[in-house]
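**Q**
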Amino acid sequence: MNIEVQWANTIMCGNQKHSRGSLYLVIIILLGLDSKLAGEAFQPEFVEPIGNLTVPIGRDATFRCLVQNLGGYRVGWVKADTKAIQAIHVHVITNNHRVGVSHNGQTVWNLHIRNVQEDDRGQYMCQINTDPMKSQVKLYVYKFTWLYVI
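Residue numbers (the numbering used here): 141 to 290.
1. Evaluate the contact criterion for the region 263-277 versus the region 232-246: three or more CB pairs, one atom per stretch, below 8 Å.
2. Check E258 in the structure and name its three-state DSSP category.
3. Tell me whether D271 is buried or exposed, calling it buried when 16 or more other Cβ atoms sit within 10 Å of its Cβ.
4. Which term fits K223, buried or exposed, when burial requires 16 or more other beta carbons within 10 angstroms of its beta carbon?
5. I need the straight-line Cα distance from N268 to A220, nearest angstrom please.
6. CA-CA distance, E258 and V248?
7. On the DSSP letters alone, give me the boundaries of the beta strand (DSSP E) that V239 sits inside.
8. Pull up the distance between the alpha-carbon of R89 and that of V187, whole angstroms please.
9. Could you name the residues of the same chain whose beta carbon sits closer than 6 Å to that of T202, not counting the 5 residues immediately before and after it, in chain order?
10. Out of curiosity, what's the CA-to-CA distance linking E185 and I197?
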């Protein structure tokens with residue numbers, strides 16, 4: 141299946157255009173199947189903690205999550221205080237057009253927030269869809285004019 145995710149609120153699946161909401165369930169089901177195919181031989185793990193980052197309001201922020209032995213598992217980003225899924229693997233889930241994701245092979249996974257705003261404030265998590273799920277916490281966006289990540 142060929143799925144193309146765009147920054148806007150639509151997803152192209154084959155020749156059909158869908159809103160992001162209509163494909164959430166499909167993506168989650170596919171992720172579950174992928175994790176079962178990965179097997180138990182090599183469990184993924186975080187290579188290092190997510191580092192500190194300070195960014196002024198209006199600038200861009202990139203949060204990096206380093207993972208090894210990812211196999212068929214997927215990395216996701218969640219805004220923890222609102223439980224809002226930001227991205228799963230290479231797919232942006234949030235309707236926030238300023239959020240994007242990138243990766244470098246199977247190890248480096250990035251969450252990008254363009255033009256950081258005060259409402260980006262909160263706690264963010266990098267997660268791996270293992271059973272039980274593995275997560276790495278402590279990304280904070282502070283109110284005033286700075287984004288601070290612990």
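Glycine included, each C-beta is placed from N, C-alpha and C at the ideal position.
**A** Based on what the coordinates show:
1. no
2. Secondary structure of E258 (DSSP, three-state): helix.
3. exposed
4. For K223, the number of other beta carbons within 10 angstroms of its own is below 16, and it is reported as exposed.
5. Just to set this straight, residue 268 is Ile in the shown sequence, not Asn. If I take the Cα positions, the gap works out to 14 Å.
6. Going from the Cα of E258 to the Cα of V248 covers about 27 Å.
7. 239-244
8. Outside the displayed span of the chain (141 to 290) sits residue 89, for which this structure offers no information.
9. N250, H252
10. 32 Å
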